[in-house]
Structure formats: C-alpha cells, structure tokens
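Protein chains in written order, with my numbering: chain A, 577 to 702; chain B, 58 to 189.
Glycine included, every Cβ here is placed at the ideal spot set by N, Cα and C.
For reference, the structure discussed in these notes is given below.
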C-alpha cells in the first residue's frame, strides 16, 4: 500500500522511508533551566512531542513534473496549513500531524529520470 | 566500445600514429540507489552523471619528444572497421587529455593516453559515430 498525508500521495513517486523520533519523558537539566551551571540535577518536563521524518526521493519524467511534486509538498508546509493524518506504507497512521518543513537534499539529479532527495519533518505541537 | 587497430587517429588535428587499440569506457560519476520500506531491494536506481573514459594505446617505434599534454582539449577522431567500406565508421569525440603514460621494455615501448569526453550540451552523447 502507498503512503499518504491527508489522503494525498505526496511521496509515492519514489522510494521513501519513515523514521519516528525520540519518544518518552523529556529530562531537562536544572543547570540549563536556571542558566547556572553550578545547579545540579534534572527534572522531568513532560513527554517528547511526536516527530516523524519522511526521507526519500521524488522521481519524475521531466523537470516540470518534478517541480509539481515538489510544490505539492511545499504547499503543505506553510504556517497556516492545517494538519492531518500521515500514513506509512504499512498502514501505520499518525493523526493530526503537521508538515513542519521539507528540506531538499542537494541539486536535482538528471539521469534517466529527474529526481531529488528530501527530508520532511512531521509532528504535533503542544 | 573497443576499436582495434583503427585506420587513422587524430587529436585536435594532430595525427597519432601507431595506435593499436582504443577503449571507450562508460562509468557512473553519480549513482542513485533508493530503498523503500517494502523489502530489501532498491526500488529506484539511476545514473545521474556519466563519465566517458577513452584509453588510447600507441606503439612507439622511436624517439618521441612530442607527447600530448594533459589538460588539452580537442576532438579525437578515428576510423574504425577494416573490412568493406560499408563496415567503416567514423568516431568523433570532444575530450580532454587526462594522463599520458609510457611503458618501455626490452620488446618495445607503448604509450597509454587517457582522455575524458566532454559533451557540448550535457545532454548529447559526446561520442558520435557516423558513416565516413
């Protein structure tokens, strides 16, 4: 099955993988909180927020087709764009996540196909 | 591509005599391999940059003080095929000399010239093969 975000196949033109970020309790140093390095100890400060990174490569048959794929992803990363459900290849879903940013991995590669690598960070904010 | 004992070899207008073989290798300068989460095999492979390497081997029969210079850009031109006129092909390629190496033994001397092909537009194959 294909992956999707808000029901749209944003990444299916090429290979891509999902990585879930750190999970569990966030431990914060009191020295960092207070700004005083002499303060010892740590405290629990809630849980880590969900972060899911999609890493892959968009693949198209032309320069313009590749830009269409890129623009579709970029359009989801704007400030006022709503979140939605992110679903991986195997049906695992993360609900209500937003696309925070997408980073393009170097220049476009022009071989048999037009392609570019990317890293897209999804998550929720508290 | 391999050309054995081409009839005539020229580089930038200069005749290269005694050429016994020309080998043209095509190598990847950037290979893309993409893997999905569905299995262990690559699902997208592409060669985004190609390197065309030409190796010209000359037999040198006497003193030679006019060896080609690395970095020089020119058109390599040779005639391949030694059968009928229909079998003959002209090979042309813009390229840059990368290295010139000589080997001398009791049985003679050979020179190996390595050239890297250069495409005019980046899209067209730098090696052009036509009828003579």
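* Under three-state DSSP, which class holds residue 61 of chain B? -> Three-state result, residue 61 of chain B: strand.
* Among all the DSSP beta bridges, which residues are the ones paired with residue 582 of chain A? -> When beta bridges are read from the DSSP output, residue 582 of chain A appears opposite no residue.
* Spatial neighbours of residue 158 of chain B within its chain, please: CB distance less than 6 Å, with the 5 preceding and 5 following residues excluded, ordered by chain position. => Cβ within range, chain order: 169.
* To do: Along the beta strand (DSSP E) that carries residue 121 of chain B, what are the first and last residues, could you check?
  => For residue 121 of chain B, no beta strand (DSSP E) encloses it, and the DSSP letter there is neither H nor E.
* Residues in the segment 91 to 121 of chain B with C-beta within 7 Å of chain A's C-beta atoms, listed in sequence order? -> Residues passing the 7 Å Cβ filter: 91, 92, 93, 94, 95, 100, 101, 103, 104 and 105.
* Closer than 8 Å, Cβ to any Cβ of chain A: which residues of the segment 60 to 93 of chain B, in chain order? -> Per Cβ criterion, the list reads 87, 89, 91, 92 and 93.
* **Proximal chain C residues relative to residue 594 of chain A, where beta-carbon distance stays under 9 Å** => The question asks about chain C, but that chain is absent: this structure's protein chains are A and B.
* Considering only the beta carbon of each residue, do residue 672 of chain A and residue 700 of chain A sit closer than 9 Å? -> Yes. Within cutoff.
* Beta carbon of residue 136 of chain B nearer than 9 Å to that of residue 183 of chain B -> No, the Cβ-Cβ distance between residue 136 of chain B and residue 183 of chain B is not below 9 Å.
* Asked: If you draw a straight line from the C-alpha of residue 107 of chain B to the C-alpha of residue 85 of chain B, how long is it?
  -> One C-alpha to the other measures close to 5 Å.
* Asked: What's the call for residue 652 of chain A, buried or exposed, on a 16-neighbour Cβ count within 10 Å?
  -> With 16 or more other Cβ atoms within 10 Å, it is buried.
* **Chain-order list of residues whose beta-carbon lies under 8 Å from that of residue 625 of chain A (same chain, five-residue window excluded)** => So the list reads 699, 700, 701 and 702, once near-sequence residues are dropped.
* Express the C-alpha separation of residue 595 of chain A and residue 620 of chain A in angstroms, rounding to a whole number. => Going from the Cα of residue 620 of chain A to the Cα of residue 595 of chain A covers about 25 Å.
* Would you tell me roughly how many angstroms separate the C-alpha atoms of residue 173 of chain B and residue 111 of chain B, rounded to the nearest one? => Looking at the two C-alpha atoms, the distance is approximately 6 Å.
* Whose CA, out of A:608, A:603, A:669 and A:592, lies closest to the CA of residue 98 of chain B? -> When only C-alpha atoms are compared, the closest one is A:592.
* Find out if the Cβ-Cβ distance for the pair residue 62 of chain B, residue 134 of chain B is shorter than 9 Å. => Contact: no.
* Closer than 7 Å, Cβ to Cβ, to anything on chain B: give me those residues from the segment 687 to 698 of chain A, in chain order. => Cβ contacts with chain B come from 687, 688, 689 and 691.
* Nearest CA to the CA of residue 622 of chain A: which residue from A:601, A:611 and A:587? -> Distance check between residue 622 of chain A and each of A:601, A:611 and A:587 places A:601 closest, using alpha-carbon atoms only.
* To do: Please determine, among B:124, B:148, B:101 and B:181, the residue with the shortest C-alpha to C-alpha distance to residue 167 of chain B.
  => Answer by Cα proximity: B:124.
* To do: Output yes if chain B places a C-beta closer than 9 Å to the C-beta of residue 598 of chain A; else output no.
  => Contact of residue 598 of chain A with chain B is not assigned, every C-beta pair being separated by 9 Å or more.
* Exposed or buried, what is residue 160 of chain B when buried is set at 16 or more other beta-carbons lying within 10 Å of its beta-carbon? -> Exposed is the call here.
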